[in-house]
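One structure is given below, encoded as structure tokens.
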Amino acid sequence: MSEDSKNKATFNVPIGPVHPALKEPILFTFKMDGELVEEVDFAPGKCHRGIEWMGMRRNPVQIVHLTDRICGICGVSHSLAFARAVEQIAEIEVPERAHYVRTIIAEYERLQSHLLWAGVAAHELGFDTLFFLAWRVREESMDVIEYLTGNRVNYGIVQVGGVRRDFTEDQFPRIEASLQYYEDIAAKLLKLFLEDKTIQIRCKQCGVMSKREALELCTVGPTARASGVAMDVRSDSPYAAYGDLDIAPVLPHHYLGLTNGDVYDRIVVRLLEVVQSVDLIRQCLANMPPGEVLWEKKYPKILAACKKATGEAVGRVEAPRGECLHYVRMDGNPSPQTWKVKASTYSNQLSWLKMLKGEQIADIPIVVASIDPCMSCTDRVAVVRDDRTDILTKADLHRLSVEKTRRLAQWS
Amino acid sequence: MVMMLGMDPISIIGGTVAVALFGILAGLVFMGVERKFAAHMQARIGPPIRQPFRDVAKLLSKDSIVPENAIPLLFNMAPVLALASSIVILLYIPLGGFLPVLAGYGDLILVMYLLTVPALALVAGGFASGSPYATVGSQREMVTMMSYELPLAIAVIAIAWRLAAAGIADPFSLATIAGTATGITIWSVAGPLGIIGFVLLLIVLAWVTPAELSRVPCDTPEAETELCGGLLVEYSGRNLGLFYLAQGVKTVAMAALAVALFLPWNISWYVALSPNAALVADFAFFLLKLMVVIFFSVSVIRVGMARFRITHVVSIYWGYLGGLGLLGLLCVVLDASLGGGGML
Numbered sequence: 001m002s003e004d005s006k007n008k009a010t011f012n013v014p015i016g017p018v019h020p021a022l023k024e025p026i027l028f029t030f031k032m033d034g035e036l037v038e039e040v041d042f043a044p045g046k047c048h049r050g051i052e053w054m055g056m057r058r059n060p061v062q063i064v065h066l067t068d069r070i071c072g073i074c075g076v077s078h079s080l081a082f083a084r085a086v087e088q089i090a091e092i093e094v095p096e097r098a099h100y101v102r103t104i105i106a107e108y109e110r111l112q113s114h115l116l117w118a119g120v121a122a123h124e125l126g127f128d129t130l131f132f133l134a135w136r137v138r139e140e141s142m143d144v145i146e147y148l149t150g151n152r153v154n155y156g157i158v159q160v161g162g163v164r165r166d167f168t169e170d171q172f173p174r175i176e177a178s179l180q181y182y183e184d185i186a187a188k189l190l191k192l193f194l195e196d197k198t199i200q201i202r203c204k205q206c207g208v209m210s211k212r213e214a215l216e217l218c219t220v221g222p223t224a225r226a227s228g229v230a231m232d233v234r235s236d237s238p239y240a241a242y243g244d245l246d247i248a249p250v251l252p253h254h255y256l257g258l259t260n261g262d263v264y265d266r267i268v269v270r271l272l273e274v275v276q277s278v279d280l281i282r283q284c285l286a287n288m289p290p291g292e293v294l295w296e297k298k299y300p301k302i303l304a305a306c307k308k309a310t311g312e313a314v315g316r317v318e319a320p321r322g323e324c325l326h327y328v329r330m331d332g333n334p335s336p337q338t339w340k341v342k343a344s345t346y347s348n349q350l351s352w353l354k355m356l357k358g359e360q361i362a363d364i365p366i367v368v369a370s371i372d373p374c375m376s377c378t379d380r381v382a383v384v385r386d387d388r389t390d391i392l393t394k395a396d397l398h399r400l401s402v403e404k405t406r407r408l409a410q411w412s
Numbered sequence: 413m414v415m416m417l418g419m420d421p422i423s424i425i426g427g428t429v430a431v432a433l434f435g436i437l438a439g440l441v442f443m444g445v446e447r448k449f450a451a452h453m454q455a456r457i458g459p460p461i462r463q464p465f466r467d468v469a470k471l472l473s474k475d476s477i478v479p480e481n482a483i484p485l486l487f488n489m490a491p492v493l494a495l496a497s498s499i500v501i502l503l504y505i506p507l508g509g510f511l512p513v514l515a516g517y518g519d520l521i522l523v524m525y526l527l528t529v530p531a532l533a534l535v536a537g538g539f540a541s542g543s544p545y546a547t548v549g550s551q552r553e554m555v556t557m558m559s560y561e562l563p564l565a566i567a568v569i570a571i572a573w574r575l576a577a578a579g580i581a582d583p584f585s586l587a588t589i590a591g592t593a594t595g596i597t598i599w600s601v602a603g604p605l606g607i608i609g610f611v612l613l614l615i616v617l618a619w620v621t622p623a624e625l626s627r628v629p630c631d632t633p634e635a636e637t638e639l640c641g642g643l644l645v646e647y648s649g650r651n652l653g654l655f656y657l658a659q660g661v662k663t664v665a666m667a668a669l670a671v672a673l674f675l676p677w678n679i680s681w682y683v684a685l686s687p688n689a690a691l692v693a694d695f696a697f698f699l700l701k702l703m704v705v706i707f708f709s710v711s712v713i714r715v716g717m718a719r720f721r722i723t724h725v726v727s728i729y730w731g732y733l734g735g736l737g738l739l740g741l742l743c744v745v746l747d748a749s750l751g752g753g754g755m756l
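Have a look at this one:
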């Protein structure tokens with residue numbers, strides 16, 4: 001190794017497309033100087049499934065279930081963002097109670113997503129005991145989600161115009177029991193994750209991103225908040241029932257007194273958001289208004305409303321990983337003219353280049369995992385032509401987007 | 413009770429075969445039990461205790477794939493070398509009431525050298541794999557080796573030196589240190605200060621064990637999530653099976669060394685037993701001691717920690733554990749020069 005650093009002989013280490021550190025396919029190429037990362041490049045697009053293409057051949061009521069399957073973890077965020085976009089275009093009024101049901105399930109989704117992430121992070125650090133613990137704790141939220149919606153993954157609860165199932169009073173004790181469980185275990189989780197010596201030496205001052213860089217790289221969600229950017233769609237432009245709730249972005253300095261923007265801070269933010277979610281669900285239960293949960297019980301009527309609608313809208317939702325955005329454009333046909341999904345990882349992934357540079361090989365898995373990447377959310381395009389993949393530069397992308405904008409303008 | 417094996421070639425060969433079989437069997441059993449312990453500490457059920465046997469049977473029945481970039485000779489030789497050298501270590505370590513098979517042909521210093529051979533075989537195999545992951549893993553393994561050598565050497569030297577200071581002949585012989593024949597151990601030689609020193613050294617050795625065996629927190633050379641298995645990444649089938657066996661044997665050897673150095677007591681010293689019963693009782697007690705050592709220095713540590721960076725391995729082993737070892741050594745030296753305690 002001393003030979004290497006003396007001669008500055010660099011070598012390339014590919015990580016991916018399939019690698020134990022990566023939960024989903026993506027290709028990283030690291031130029032290494034001994035154990036240090038000198039340059040990073042990554043190539044997403046290994047997980048493209050053409051969901052938008054499928055969606056533009058279906059009607060909104062069908063698409064809403066397709067959106068559930070964009071991501072295995074944050075299905076509700078996608079279906080909620082899509083439903084909100086369609087509801088705006090078709091001017092559908094969502095009943096008040098449905099907003100609360102949507103909020104509760106979205107917060108449960110955040111709970112299970114953050115705990116899943118915490119387990120993955122522990123595993124990336126080689127701390128398997130904590131991994132098993134975090135996932136065992138996560139099981140409780142999965143059970144409640146199954147109890148409430150009938151499904152553990154792809155909940156299928158959001159519908160255009162409301163939700164498909166109501167949460168009734170007799171279900172509240174089970175929800176309350178799970179909230180109590182999380183309240184009791186939160187302190188233990190915080191202690192185990194944040195006070196463990198090995199986690200501290202591995203995560204502090206590792207994968208650092210300053211507030212300025214977080215803003216410049218347009219990061220979103222917990223990744224941005226861990227660098228001190230007070231940004232949360234739930235409080236910045238409230239949707240569903242968040243406007244009625246007492247909510248403020250979780251920042252690491254609330255817990256630590258200062259913000260470093262390192263991997264450790266990202267753990268802090270996510271764990272504190274678990275605590276926050278418990279509080280939000282409790283607020284929802286207390287304030288839930290009575291009434292219907294769906295704008296119109298007869299689906300053909302919803303479809304008819306969507307078919308008549310023309311216009312465009314953006315639905316924004318704070319997914320567990322950050323802002324999730326759906327752009328929908330309807331032109332009086334059953335299926336949308338355009339549907340664009342921008343998941344949170346799309347905004348966060350470029351911060352990898354900054355965070356990984358100068359780190360050791362040992363830190364690659366945890367730094368990559370620290371933005372909680374979801375490639376199946378992100379991969380919206382894969383260019384394969386004549387058996388070769390094209391690399392599009394900034395100029396190419398600009399040209400393509402101008403062309404597409406013109407095309408859209410012509411249609412309308 | 414002591415059973416001296418004669419030094420004629422036939423008994424040496426017989427002893428070697430017996431020790432090899434013992435090492436492999438015990439290694440796999442302990443691995444299974446250790447996995448069960450770890451699983452229960454992590455609130456899992458864990459695999460059945462015979463799982464390592466199934467794994468090895470499966471691996472040995474599969475083809476070995478040699479990568480295109482590999483150096484086939486070195487690549488195929490490394491696992492054999494690793495297993496053979498792991499077994500050789502066991503030949504120099506007393507097993508319960510049995511004296512080492514090759515007692516008189518090598519001492520503690522030789523064992524220290526032999527302990528590096530399986531690691532070197534891994535390094536050679538890793539470099540011969542022609543994969544960047546394996547190369548990085550090999551580099552890390554070398555760094556790890558260099559890191560734990562100092563604390564290990566301190567612990568070993570301190571013990572032999574204290575025995576020499578107590579006027580015991582042949583202090584570097586493991587049979588002497590374990591007191592298999594004499595019943596004299598380091599604990600009976602040392603005074604209170606020396607005992608404190610030995611406890612410190614015991615802690616040091618307990619921490620060297622995971623590094624020696626590449627287990628969490630020192631599994632940096634294999635680091636599943638970083639290097640997908642590091643220096644073993646290209647190994648498959650029979651070759652991987654051999655490495656698996658070598659890992660088991662090495663676990664037994666490391667634990668047996670710790671037992672010989674620090675936990676040498678035999679039941680037959682305290683209870684009057686017929687010679688054969690004493691052998692069985694001592695051996696059963698020896699296995700129990702091995703299990704205890706493996707539990708504390710492998711299971712407990714690996715369940716309770718995250719993986720170190722390679723830089724941490726160096727600073728922790730050279731700095732903290734080296735320092736702790738030197739402190740222990742100082743206690744032992746002071747104890748000897750003050751003529752502390754002792755039954756002699």
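Listed in order, the protein sequences are those of chains A and B. Residues 1 to 412, numbered by this note's numbering, are exactly what the first sequence covers, in order. Residues 413 to 756, numbered by this note's numbering, are exactly what the second sequence covers, in order. Glycine included, C-beta positions come from ideal geometry on N, C-alpha and C.
Counting the other CB atoms within 10 Å of its CB gives F172/A a total below 16, which places it among the exposed residues.
Interface flag for I722/B against chain A is set, since a Cβ pair is found closer than 8 Å. With respect to the C-alpha of G660/B, the residue from A496/B, H452/B and P459/B having the closest C-alpha is A496/B. Contact between the segment 259 to 269 of chain A and the segment 198 to 208 of chain A is present, with at least three C-beta pairs closer than 8 Å.
Distance check between G458/B and each of D467/B, A469/B and V445/B places V445/B closest, using alpha-carbon atoms only. Per the C-alpha coordinates, the member of N651/B, L738/B and F698/B positioned closest to K474/B is N651/B. The three-state secondary structure of H326/A, taken from DSSP, is strand.
In this chain, the beta strand (DSSP E) harbouring D33/A covers L27 to D33. Given a length threshold of 4 residues, each whole run of the alpha helix (DSSP H) inside the segment 535 to 586 of chain B is given here in chain order: 544 to 577. Nearest to G603/B by alpha-carbon distance, out of M717/B, A693/B, V744/B and L440/B, is V744/B.
Classified as buried, T597/B has 16 or more neighbouring CB atoms from the shown chains inside 10 Å of its CB. V383/A is positioned such that its CB atom lies no closer than 8 Å to that of E323/A. Straight-line spacing of the CA atoms in P421/B and V431/B works out to 15 Å. Annotation for L502/B: V431, G435 and A665 place their beta carbon closer than 6 Å to its own, counting only its chain and skipping 5 residues before and after.
Taking each of V37/A, R174/A, D128/A and E93/A in turn and checking the Cα distance to I281/A, the smallest one comes out for R174/A. Taken residue by residue, none of the segment 170 to 184 of chain A has a beta-carbon sitting less than 9 Å from a beta-carbon on chain B. Listed in chain order, the alpha helix (DSSP H) elements of length 4 or more contained wholly in the segment 679 to 733 of chain B are 687 to 706 and 722 to 726.
For E35/A, the C-beta contacts it makes with chain B under 7 Å involve I722, in order along the chain.
In chain order, R225, V269, L272, E273 and Q276 place their CB closer than 7 Å to the CB of V250/A, counting only its own chain and leaving out the 5 sequence neighbours on each side. Counting other Cβ atoms within 10 Å of its Cβ, S401/A stays below 16 and is therefore classed as exposed. Buried is the label assigned to H19/A, since at least 16 other Cβ atoms lie within 10 Å of its Cβ. Taking a beta-carbon distance threshold of 8 Å, P320/A does not count as an interface residue toward chain B. In the three-state reduction of the DSSP assignment, P14/A falls in the strand class, which pools E and B. Non-local C-beta neighbours of G734/B in its own chain, meaning closer than 6 Å and more than five positions away in sequence, comprise L562 and P563, ordered along the chain. When the beta-carbon positions are compared, G161/A and I92/A come within less than 8 Å of each other. Between S178/A and E140/A, the C-beta spacing is below 8 Å.
The beta carbon of F707/B sits closer than 8 Å to those of E446 and F449, all from its chain and outside the five residues before and after it, given in chain order. In terms of CA proximity to A469/B, S648/B leads the group S648/B, A718/B and R714/B. In this structure, the CA atom of A395/A is about 19 Å from the CA atom of F42/A.
Two segments are said to touch when three or more pairs of C-beta atoms, one from each, lie closer than 8 Å; by this definition the segment 516 to 534 of chain B touches the segment 553 to 562 of chain B. Counting the other Cβ atoms within 10 Å of the Cβ of G257/A gives fewer than 16, which makes it exposed. For T67/A, no Cβ of chain B is located within less than 8 Å of the residue's own Cβ. From the beta-carbon of I391/A, no residue of chain B is found nearer than 8 Å; the closest lies around 23 Å away.
Contact between the segment 514 to 530 of chain B and the segment 574 to 581 of chain B is absent: fewer than three C-beta pairs spanning the two stretches fall below 8 Å. Residues of chain B with a Cβ closer than 9 Å to the Cβ of F42/A do not exist, since the nearest Cβ in that chain sits about 16 Å away. For V86/A, the closest Cβ of chain B is not nearer than 8 Å.
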